[in-house]
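A short worksheet on the structure shown next.
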Amino acid sequence: MDVTRSEPSGRAGTGVRFKILGPIEVTCDDVAVRIPPGRQPIILGALLLEPNRVVSIDRLIDVVWDDAPPATARSQVQICVSGLRHAFAGLGVEQPIVTKSPGYLLRVADGQLDSQVFTRLVAEAAAVERQGQREEAVDLLRRALALWRGPALGGEAGSVLRSAAVRLEEAKLSALETCIDLELKLGRHQALIGELGSLVAEHPLRERLRGQLMIALYRAGRPAEALEVYRAGWRIMVDELGLEPGEELRGLEAAILAEDPALQPEVREPAAPEVRPAAGPHQLPADIVDFTGRESLIEQAEAALLDGDSAAVRVVVIAGKAGIGKTSLAVHVAHRVAERRFPDGQLYCDLAGSHRNPVSPADALGRFLRALGVPGSAVPDGLDERAEMYRSLLSGRQLLVVLDDVAAVRQVTPLLPGSGSCAVILTSRMRLTELPGARVLDVDLLPPQRALELLGKVIGPQRVAGESTAATALVRMVGGLPLALRIVAARLAARPHWSLASMVGRLADERRRLDELAHGDLMVRASLLLTYEGLEPTAARLFRLLSALNLATIPSWVAAALLDEDPMEAAGLLERLVDMQMLDVAGVDLDGQPRYGFHAIIRLFAREQLSRADQQDRRDAVRRVLGAWLARTDQAYREVFGTDYAGMRGTAPRWRPAGGDPDPMPVDPTSWMEVEGPNLIAAVDQAADEGLDEHCWELAVRLTTLFEVGGYADEWQQTHERALDVVRRADNRRGESAVLCSLGELYLGRRRFAAARAVLEPALSIAVALGDLLGIAVAKRNLALLDYHEGDTDRALAGFWEALDAFRRLGMPIGHAYVLSKIARISADRGNYELATDQLGEALDLCREAGSRRIEGQVLYRLGQTLLSQGRHDEADLVLGTALEVLRGNHDIVGEAFALHALGTVRAKLGRRADAVQLLGEAISLREKMLDSVGMARVYLDLAPLLAQRGEQAQAVELVQHAVTTFGERKAPALESEARRLLESLTDLEHVST
Numbered sequence: 001m002d003v004t005r006s007e008p009s010g011r012a013g014t015g016v017r018f019k020i021l022g023p024i025e026v027t028c029d030d031v032a033v034r035i036p037p038g039r040q041p042i043i044l045g046a047l048l049l050e051p052n053r054v055v056s057i058d059r060l061i062d063v064v065w066d067d068a069p070p071a072t073a074r075s076q077v078q079i080c081v082s083g084l085r086h087a088f089a090g091l092g093v094e095q096p097i098v099t100k101s102p103g104y105l106l107r108v109a110d111g112q113l114d115s116q117v118f119t120r121l122v123a124e125a126a127a128v129e130r131q132g133q134r135e136e137a138v139d140l141l142r143r144a145l146a147l148w149r150g151p152a153l154g155g156e157a158g159s160v161l162r163s164a165a166v167r168l169e170e171a172k173l174s175a176l177e178t179c180i181d182l183e184l185k186l187g188r189h190q191a192l193i194g195e196l197g198s199l200v201a202e203h204p205l206r207e208r209l210r211g212q213l214m215i216a217l218y219r220a221g222r223p224a225e226a227l228e229v230y231r232a233g234w235r236i237m238v239d240e241l242g243l244e245p246g247e248e249l250r251g252l253e254a255a256i257l258a259e260d261p262a263l264q265p266e267v268r269e270p271a272a273p274e275v276r277p278a279a280g281p282h283q284l285p286a287d288i289v290d291f292t293g294r295e296s297l298i299e300q301a302e303a304a305l306l307d308g309d310s311a312a313v314r315v316v317v318i319a320g321k322a323g324i325g326k327t328s329l330a331v332h333v334a335h336r337v338a339e340r341r342f343p344d345g346q347l348y349c350d351l352a353g354s355h356r357n358p359v360s361p362a363d364a365l366g367r368f369l370r371a372l373g374v375p376g377s378a379v380p381d382g383l384d385e386r387a388e389m390y391r392s393l394l395s396g397r398q399l400l401v402v403l404d405d406v407a408a409v410r411q412v413t414p415l416l417p418g419s420g421s422c423a424v425i426l427t428s429r430m431r432l433t434e435l436p437g438a439r440v441l442d443v444d445l446l447p448p449q450r451a452l453e454l455l456g457k458v459i460g461p462q463r464v465a466g467e468s469t470a471a472t473a474l475v476r477m478v479g480g481l482p483l484a485l486r487i488v489a490a491r492l493a494a495r496p497h498w499s500l501a502s503m504v505g506r507l508a509d510e511r512r513r514l515d516e517l518a519h520g521d522l523m524v525r526a527s528l529l530l531t532y533e534g535l536e537p538t539a540a541r542l543f544r545l546l547s548a549l550n551l552a553t554i555p556s557w558v559a560a561a562l563l564d565e566d567p568m569e570a571a572g573l574l575e576r577l578v579d580m581q582m583l584d585v586a587g588v589d590l591d592g593q594p595r596y597g598f599h600a601i602i603r604l605f606a607r608e609q610l611s612r613a614d615q616q617d618r619r620d621a622v623r624r625v626l627g628a629w630l631a632r633t634d635q636a637y638r639e640v641f642g643t644d645y646a647g648m649r650g651t652a653p654r655w656r657p658a659g660g661d662p663d664p665m666p667v668d669p670t671s672w673m674e675v676e677g678p679n680l681i682a683a684v685d686q687a688a689d690e691g692l693d694e695h696c697w698e699l700a701v702r703l704t705t706l707f708e709v710g711g712y713a714d715e716w717q718q719t720h721e722r723a724l725d726v727v728r729r730a731d732n733r734r735g736e737s738a739v740l741c742s743l744g745e746l747y748l749g750r751r752r753f754a755a756a757r758a759v760l761e762p763a764l765s766i767a768v769a770l771g772d773l774l775g776i777a778v779a780k781r782n783l784a785l786l787d788y789h790e791g792d793t794d795r796a797l798a799g800f801w802e803a804l805d806a807f808r809r810l811g812m813p814i815g816h817a818y819v820l821s822k823i824a825r826i827s828a829d830r831g832n833y834e835l836a837t838d839q840l841g842e843a844l845d846l847c848r849e850a851g852s853r854r855i856e857g858q859v860l861y862r863l864g865q866t867l868l869s870q871g872r873h874d875e876a877d878l879v880l881g882t883a884l885e886v887l888r889g890n891h892d893i894v895g896e897a898f899a900l901h902a903l904g905t906v907r908a909k910l911g912r913r914a915d916a917v918q919l920l921g922e923a924i925s926l927r928e929k930m931l932d933s934v935g936m937a938r939v940y941l942d943l944a945p946l947l948a949q950r951g952e953q954a955q956a957v958e959l960v961q962h963a964v965t966t967f968g969e970r971k972a973p974a975l976e977s978e979a980r981r982l983l984e985s986l987t988d989l990e991h992v993s994t
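Quick note: the sequence shown uses the numbering used here, first residue 1, plus one each step.
Okay, structure coming up:
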């Protein structure tokens, strides 16, 4: 390995922490430092695997690309390192990455890297254990294991990191096994059973863990289960490896069969409370044999029910949506704790809270009193008298009460014991947080691995392993909903001749999926229907209408638009749906408001109910939501440009709440559009599906701001092609002109000049035929830009002046300012810098008067370029620095990339080479993010001479060679010639130095 030792010359800030025991992460004072996904985390991970050592660039290339690095690999590594340095630069600490031949060194102080802390704690544990301090050793090992947050190095790709991750994971498992050994010696076998069961399932071939589980079960008085663990391991090892278990595991089996006294712990567990002969009721339903997962919830429930002494009754609420497995979990927990703490029995009642006719508290008390031995004739008639008798009978008794499917707190209040010796487990689709002292446990969907495990327990692991892709697809189709998964598993178990792939095919049609999710008494539709029918009419209507929208996540204001209601009233209905587990909280909006989402199967159920409802109501609701999106994009557009600059607008009605305008933008509008981008794109598609041509084209054209700033060229193309199809079918000529004009801007940005002219000339013709002055102004402006790029500056200048006159007549100062900045560019190109500067000054004044920070940033960039061309480097540096600040504030990454490139060029002219290299590297990173190969290549031409001046001749040549290839492929002959001249000079210089 090309790694050389070097002692750190300094320390990074003590508030900085590096983490590789899980996803690769850097934090400063517990705040995450953003490391962009891609190559940077991989390189950071490689440096962190060798802290305070020099890692060569060749080694980093191997880490990133394995055996097939590109020609530009070295420069790409350098750019990635530059990006990492930039991320660390804002932390206010000494730069941790330093350049040391032949590569880089990452300085890490004691306690800053979690893997080093882990190793130290494990070593300390070994030292104190040798001194006989087992409890202290266990504490140290548990602290070490708590540092892990997932798979080592976050599962980053590449053989080098994968090998390192395997070594780290092995160290973790070794520490865990050592810790469990010590805890078994301390007599903690009972508490370890759940953890060991999960570990053995996760690592079935690890014999030490399997043996530890066998010992724990045997010591807990469960020898038959211990032997079954051995037999299961034997089958797995023989089937997968063709080998029997090792001598140690076979010896452990023999010792269990012989009831060897040596298996008993050196330290006995504390004696359990004395169990009196059972004389009370035992009403719990049977436990589920193949119960899977939920270890954390089980542990929390048991702790709440068993730990400590309390004068108040212990209450655990298990909450979740229909079919999530609440009852199964409650019954499983009840069986686990019943004999350990509740020898006087268990009471159980299904209160049918989700049904039309729930069980009344009086009826439930009547059942309980009779189960407790009260003759039927002696059961009081009134609710209060029954509750008093019930509490009296339970006083001082250790009894567990399980109340299933609770509708509301008032339904269970009379059923709560009055004695702290009793405990209650409730299940509900509501969270029942009003219950004093209750521990609420939310049951979530099964994660994919657990869902596959449950499927394997029902139909057999061999069938799952034999069709692993189909099994994964089944889990995805039911969304981890246990009821749906059990139905699928039950149908497959009943039909062993069915393949899993055939079941995938049956579920593929969403319209029939709910029909397929039924087997015997198990039906997803019936379970959901019980809750749906319990909703008040307006909430049920909202539930249906929400499913009409194809949104990734649902902002809270959407409910108001769907219902045409007051936002506060609609928000209350959303929360009601969340309380009833028919809708999920999917996140938090930029203004702190919740966002909502459907489980996939619940959405199907909602759409099924929507199909049976008033379709005109559905169409009107969708129109209102699309109108609300338009009102919000209008607002964002105004805040971006300070006016309705070039805002081509149609006749689609806007929807606003009763108070008038939508709420003010919570943050800058560009961030809002970035967050809502997927929803806005979905809105374009929905408008097209509904045949709402005005809504469709307006939304698509309004989104151009997002597409341009964020570099979303593919989305720009897709939405506009969809809108173009819709407006043409509707013979909407103005909409067609607007969409064509916007497509022309896209093609201009992609340097597809023939395609741009093919859409811009028809756009202008339509606008002229319609007498649409704004359409004419925008089309002429874009055609002038096209003429400029094609080299016809005279024609471009004439077009710009015509567009300028139209914007002036329309009273659009920002359109005026933008076009004036383009005219100034031509003035500067012709050497008339004084005129260009005056024109840009006028454009800047117009922007500031109108409050358009977006166009202001672009004009500042152009002014800086003009000053640079005049050799006024200090002034250019100041103006371009301001432009960069404005463009970053606007989240305009395209403009930011241009400004970084120009500012890097200025800094090079000022002799500030290190700054220049960093800025140009950042420009390349942004261009790479935008997939702008031509833009990257243009930056290479300015970066390469700086690298050559620093003695990095080979890297400079590689960059320019790459630029030559790019310009040739993209048919940019002038740039290709410039690159070839630079390459020739660099090659000559390389030969001279050689």
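Ideal placement from N, C-alpha and C gives every residue a C-beta, glycine not left out.
Rounded straight-line distance, which links the Cα of residue j to that of residue i
i: L145; j: E169; result: 11 Å
i: E259; j: E202; result: 28 Å
i: I343; j: L426; result: The question names Ile, but residue 343 is Pro in the sequence shown. Distance between the alpha carbons of P343 and L426 is about 20 Å.
i: A319; j: Q398; result: 25 Å
i: L47; j: R120; result: 20 Å
i: M580; j: S296; result: 24 Å
i: L305; j: R341; result: 9 Å
i: V992; j: E856; result: Interpretation of V992 is limited by its pLDDT of 45, a score under 50 that renders its predicted location unreliable; no figure is taken from the coordinates.
i: I324; j: M582; result: 12 Å
i: P204; j: D139; result: 26 Å
i: P41; j: I35; result: 7 Å
i: S174; j: L241; result: 22 Å
i: P277; j: A552; result: Because the pLDDT of P277 is 35, which lies under 50, any placement of that residue in the model is unreliable, and the question is left without a value.
i: K997; j: S82; result: The chain is shown from 1 up to 994; residue 997 falls before or after that span and cannot be answered.
i: A493; j: D350; result: 28 Å
i: A806; j: A784; result: 14 Å
i: E698; j: W716; result: 13 Å
i: L866; j: D584; result: The residue asked about is misnamed: residue 866 is Thr in this sequence, not Leu. Those two C-alpha atoms are separated by around 54 Å.
Cβ separation of residue i and residue j, assumed to be a contact under 8 Å, to the nearest whole Å
i: V317; j: R431; result: 7 Å
i: D1065; j: A796; result: For residue 1065 there is no data in the structure shown, the boundaries of the chain being 1 and 994.
i: G775; j: S737; result: 5 Å
i: N890; j: R854; result: 5 Å
i: L946; j: A908; result: 6 Å
i: L626; j: H695; result: 4 Å
Beta bridge counterpart(s) of residue i as assigned by DSSP
i: A1007; result: Because the chain is modelled from 1 through 994, residue 1007 falls outside the range shown and cannot be assessed.
i: Y596; result: I554, V585
i: V406; result: S428
i: V98; result: L105
i: D442; result: A319
Query raised in the report: Considering only residues of the segment 10–62, which uninterrupted beta strand (DSSP E) runs meet the minimum length of 3 residues and lie entirely inside it, listed in chain order?
Result: 16–19, 25–28, 53–56
Query raised in the report: Considering only residues of the segment 312–352, which uninterrupted alpha helix (DSSP H) runs meet the minimum length of 4 residues and lie entirely inside it, listed in chain order?
Result: 326–341
Query raised in the report: What are the complete alpha helix (DSSP H) segments, minimum 4 residues, inside the segment 878–945?
Result: 893–909, 913–929
Query raised in the report: Would you call the segment 555–573 and the segment 599–607 in contact, with 3 or more CB pairs under 8 Å?
Result: no
Query raised in the report: Which whole runs of the beta strand (DSSP E) in the segment 189–260 are 3 residues long or more, in chain order?
Result: Taking only runs of at least 3 residues, no beta strand (DSSP E) segment lies wholly in the segment 189–260.
Query raised in the report: For the segment 432–441 against the segment 381–388, are there 3 or more C-beta pairs whose distance is under 8 Å?
Result: Counting Cβ pairs under 8 Å, fewer than three are found: no touch.
Query raised in the report: Does the segment 495–503 come within contact of the segment 458–467, defined as at least 3 CB pairs closer than 8 Å?
Result: yes
Query raised in the report: Is the segment 127–138 close to the segment 100–107, with three or more CB pairs under 8 Å?
Result: Segments in contact, no.
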